[in-house]
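A.B. asks: My questions all concern the structure below.
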Amino acid sequence: MTAPFEIHHPGSADRNAPAPVSPRQVPHRGGAENPSAAQIKAKFGAAVRRIDVVWGETTVVVAPETVLDVIRWLHDDPSQQYDYLSDVTGVEFRDLEQPVEVVWHLRSLPHRRFLRVKVQLTKNRPLEVPSVWSIYKAADWMERECYDMFGIRFVGHPDLRRILMWEQYREGFPLRKDFPLRGRFSRAEQLRQALAANPEARYSLEELSIADAFEDLPTDMRQRLRGGERTGE
Amino acid sequence: MGLTNRPERRVVEYDPRSQEGWVATRLDFLVNWGRANSLWPMPFGTACCAIEFMATAASRFDLARFGMERMSFSPRQADVLICAGRVPFKLAPVIRRIWQQMAQPKWAISMGACASSGGMFDNYAVVQGIDTIIPVDVYVPGCPPRPEGLMYGIMMLQEKVKRERMNDSALRNEMEPDPRSQLYIPAPTINELSEPFGNSVHQTRSGL
Numbered sequence: 009m010t011a012p013f014e015i016h017h018p019g020s021a022d023r024n025a026p027a028p029v030s031p032r033q034v035p036h037r038g039g040a041e042n043p044s045a046a047q048i049k050a051k052f053g054a055a056v057r058r059i060d061v062v063w064g065e066t067t068v069v070v071a072p073e074t075v076l077d078v079i080r081w082l083h084d085d086p087s088q089q090y091d092y093l094s095d096v097t098g099v100e101f102r103d104l105e106q107p108v109e110v111v112w113h114l115r116s117l118p119h120r121r122f123l124r125v126k127v128q129l130t131k132n133r134p135l136e137v138p139s140v141w142s143i144y145k146a147a148d149w150m151e152r153e154c155y156d157m158f159g160i161r162f163v164g165h166p167d168l169r170r171i172l173m174w175e176q177y178r179e180g181f182p183l184r185k186d187f188p189l190r191g192r193f194s195r196a197e198q199l200r201q202a203l204a205a206n207p208e209a210r211y212s213l214e215e216l217s218i219a220d221a222f223e224d225l226p227t228d229m230r231q232r233l234r235g236g237e238r239t240g241e
Numbered sequence: 050m051g052l053t054n055r056p057e058r059r060v061v062e063y064d065p066r067s068q069e070g071w072v073a074t075r076l077d078f079l080v081n082w083g084r085a086n087s088l089w090p091m092p093f094g095t096a097c098c099a100i101e102f103m104a105t106a107a108s109r110f111d112l113a114r115f116g117m118e119r120m121s122f123s124p125r126q127a128d129v130l131i132c133a134g135r136v137p138f139k140l141a142p143v144i145r146r147i148w149q150q151m152a153q154p155k156w157a158i159s160m161g162a163c164a165s166s167g168g169m170f171d172n173y174a175v176v177q178g179i180d181t182i183i184p185v186d187v188y189v190p191g192c193p194p195r196p197e198g199l200m201y202g203i204m205m206l207q208e209k210v211k212r213e214r215m216n217d218s219a220l221r222n223e224m225e226p227d228p229r230s231q232l233y234i235p236a237p238t239i240n241e242l243s244e245p246f247g248n249s250v251h252q253t254r255s256g257l
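These protein sequence lines are chains A and B, in that order. Quick note: the first sequence uses the numbering used here, first residue 9, plus one each step. Quick note: the second sequence uses the numbering used here, first residue 50, plus one each step.
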């Protein structure tokens, strides 16, 4: 049986490279830069706003309109092969005039590289960045969480709705600095709205794609489902 | 173990001024004795309290001594709902429905600070005490409570069960929530119950 996806082995890009060792004596600022950063700078030029190396990890701040091209290039180009998106998140700073940041954590297994790509969004415009869902399917829930907590809209996401809070949640975006810790509504109103939510609206057992997994089910279960048996109440 | 002495076993006494006859009180005693010593818990474990609950059920503390060794993972066969851990608002309809699915007679234990009062999570996401969602019989304090604490709470519940009377008509009434708001206690009471207390009164992070 062949795997339906390509298996990437760590360090497969250069088999003659020495075995990795844990870095020692890493300086706070100005350590060894990830070579991808300079290559992004060479390819995208002015779109790269800043390159930082903090504790040995490289951060590339790029312009919001180019970030999709940069990440697509990092994923597709044979010299980069960033095949693993480990995180998408947002940052809001306490200073109100500081822009909101969106952060992508990318990892290249073949090259053994880690790169942090950032975008800064000014607050006087709607918080929108392109979704990287078309490149990494893993971005689906991470972008939903980021939207849920910060209200950053990921343009091009196939199903951008709340993931941690329930879908009818109307109080705002909890990790924003202007959000009061206890929420905006009274406790009774919060409880009333929470009790009005239907937890099975989208997450019932039937909906958890039995249809998708049908061929993988055991034979007896397939026969029972064909006969019209259903789970749940 | 550090348990206090076992509470004195209460015997049903015949009070001539009550309307209960000797047969009724004896039957009460028998039924309550049976119920109190075979409480099947429905574990609703959401956080670290559930770990202590598991320890209580495991061999060292051995919940089976109280007739509770059978965890009932179906609410329809459970007698006592043990809510161990914090309940976020998103889980409020879930615990409400589990409680409604349990058959009478049923009781609820709120285990730990978070389930009882919201605990340290005085924030936008956590219910400030599950008594705003379902009626609670015994609150067990602690963060998390030690297994002895939970067992003491269970013994308190057993005492409560043993004092029940068949002719108490209010006892087995299902508490119906308001059909419009789904709240079973008035909104001002919920707000009052959810008021911050202790150190969190002085928290200033709410406003910017």
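Quick reminder that beta carbons are idealized off the backbone N, C-alpha and C, glycines included.
How big is the Cα-Cα spacing for phenylalanine 138/B and glutamine 198/A?
C.D. replies: So the alpha carbons of these two residues sit roughly 8 Å apart.
A.B. asks: Quick test of your reading: aspartate 128/B and proline 154/B, contact by CB under 8 Å. State the CB separation rounded to the nearest angstrom.
C.D. replies: That belief holds up - the Cβ atoms of aspartate 128/B and proline 154/B are roughly 7 Å apart, short of 8 Å.
A.B. asks: Using DSSP with H/G/I as helix, E/B as strand and the rest coil, what is glutamate 241/B?
C.D. replies: Three-state DSSP puts glutamate 241/B in a helix.
A.B. asks: Assign alanine 157/B to buried or exposed, taking buried as 16 or more other Cβ atoms, counted over all protein chains shown, within 10 Å of its Cβ.
C.D. replies: It is buried - the Cβ of alanine 157/B has at least 16 other Cβ atoms within 10 Å.
A.B. asks: Have a look at cysteine 98/B and proline 184/B and give me their C-alpha separation to the nearest angstrom.
C.D. replies: Cysteine 98/B and proline 184/B: Cα-Cα distance of roughly 20 Å.
A.B. asks: Answer yes or no: do phenylalanine 115/B and isoleucine 203/B have a C-beta to C-beta separation smaller than 7 Å?
C.D. replies: The answer is yes: Cβ separation under 7 Å.
A.B. asks: Since I believe valine 127/A is in contact with valine 68/A (beta carbons under 8 Å), could you give me their beta-carbon distance rounded to a whole number of angstroms?
C.D. replies: Actually they do not touch by this definition, with Cβ atoms about 10 Å apart.
A.B. asks: Going by the C-beta, is leucine 123/A closer than 6 Å to any heavy atom of the ligand GTP?
C.D. replies: As for the ligand GTP, it is missing from this structure, which has no ligand bound.
A.B. asks: Determine which residues of the segment 128–156 of chain B have a Cβ less than 9 Å from any Cβ of chain A, and write them out in chain order.
C.D. replies: So the list reads Pro137, Phe138, Lys139, Leu140, Ala141, Pro142, Val143, Arg145 and Arg146, given in the order they occur along the chain.
A.B. asks: Measure how close the beta-carbons of glycine 164/A and proline 138/A come, nearest whole angstrom, since I'm counting them as under 8 Å.
C.D. replies: Yes, glycine 164/A and proline 138/A are in contact; Cβ-Cβ is about 6 Å, under 8 Å.
A.B. asks: Just mark glutamate 237/A as buried or exposed, buried being the case when its beta carbon has 16 or more other beta carbons within 10 Å.
C.D. replies: Counting Cβ neighbours within 10 Å, glutamate 237/A comes out exposed, since fewer than 16 surround it.
A.B. asks: With three or more C-beta pairs closer than 8 Å as the rule, is the segment 138–149 of chain A touching the segment 179–199 of chain A?
C.D. replies: Segments in contact, no.
A.B. asks: Please list the terminal residues of the continuous alpha helix (DSSP H) segment that includes threonine 105/B.
C.D. replies: Per DSSP, threonine 105/B belongs to the alpha helix (DSSP H) from 97–106.
A.B. asks: Tell me the DSSP secondary structure of methionine 50/B in three-state form.
C.D. replies: Since pLDDT at methionine 50/B reaches only 44, below the 50 mark, its modelled position is unreliable, and the value read off the structure follows with that caveat. Three-state DSSP puts methionine 50/B in coil, outside helix and strand.
A.B. asks: Would glycine 94/B pass as a contact of glycine 134/B if the rule is Cβ separation under 7 Å?
C.D. replies: Going by C-beta atoms, glycine 94/B is nearer than 7 Å to glycine 134/B.
A.B. asks: Throw me the rounded Cβ distance for the valine 187/B and valine 136/B pair, which I believe falls under 8 Å.
C.D. replies: The Cβ separation is near 17 Å, so there is no contact.
A.B. asks: Between glutamine 33/A and valine 110/A, what straight-line distance do the alpha-carbon atoms span, to the nearest angstrom?
C.D. replies: Those two C-alpha atoms are separated by around 29 Å.
A.B. asks: As a quick exercise: from Ile48/A, Arg58/A, Arg152/A and Asn206/A, pick the residue whose alpha carbon is nearest that of glycine 98/A.
C.D. replies: Closest by alpha carbon: Arg152/A.
A.B. asks: For the alpha helix (DSSP H) containing phenylalanine 52/A, list its first residue and its last residue.
C.D. replies: Counting along the chain, the alpha helix (DSSP H) containing phenylalanine 52/A begins and ends at 43–52.
A.B. asks: I'd like to know if glycine 191/A contacts chain B, where contact means its C-beta is closer than 7 Å to some C-beta of that chain.
C.D. replies: Judged by the 7 Å Cβ criterion, glycine 191/A is in contact with chain B.
A.B. asks: For serine 165/B, name the three-state secondary structure that DSSP assigns.
C.D. replies: Serine 165/B: helix per DSSP, three-state reduction.
A.B. asks: Can you tell me which of the three DSSP states histidine 16/A falls into?
C.D. replies: In the structure shown, histidine 16/A sits in coil (DSSP, three-state: anything other than H, G, I, E or B).
A.B. asks: Determine the contact status of cysteine 132/B and alanine 152/B, defining contact as a CB-CB distance below 7 Å.
C.D. replies: No. Outside cutoff.
A.B. asks: From what residue to what residue does the beta strand (DSSP E) around leucine 232/B run?
C.D. replies: Note, leucine 232/B: premise wrong, no beta strand (DSSP E); not H, not E.
A.B. asks: So that I know if they touch, is there some Cβ in chain A lying closer than 7 Å to that of isoleucine 183/B?
C.D. replies: Chain A contact via Cβ: absent.
A.B. asks: List the residues that DSSP assigns as beta-bridge partners of methionine 91/B.
C.D. replies: In the DSSP output, where bridge partners are listed per residue, methionine 91/B has Leu130/B.
A.B. asks: Using 7 Å as the limit for Cβ to Cβ distance, is proline 207/A near chain B?
C.D. replies: Taking Cβ atoms only, chain B reaches closer than 7 Å to proline 207/A, which makes this a yes.
A.B. asks: Using the DSSP secondary-structure output, state which residues sit across from proline 138/A in a beta bridge.
C.D. replies: Proline 138/A is bridged to Val163/A.
A.B. asks: Measuring CA to CA, which of Asp77/B, Ile182/B and Gly83/B is closest to alanine 141/B?
C.D. replies: If we check each option's Cα against that of alanine 141/B, Ile182/B comes out closest.
A.B. asks: With three or more C-beta pairs closer than 8 Å as the rule, is the segment 101–119 of chain A touching the segment 187–197 of chain A?
C.D. replies: No: fewer than three Cβ pairs fall under 8 Å.
A.B. asks: Taking the continuous alpha helix (DSSP H) assigned at tyrosine 201/B, which residues delimit it?
C.D. replies: Counting along the chain, the alpha helix (DSSP H) containing tyrosine 201/B begins and ends at 196–211.
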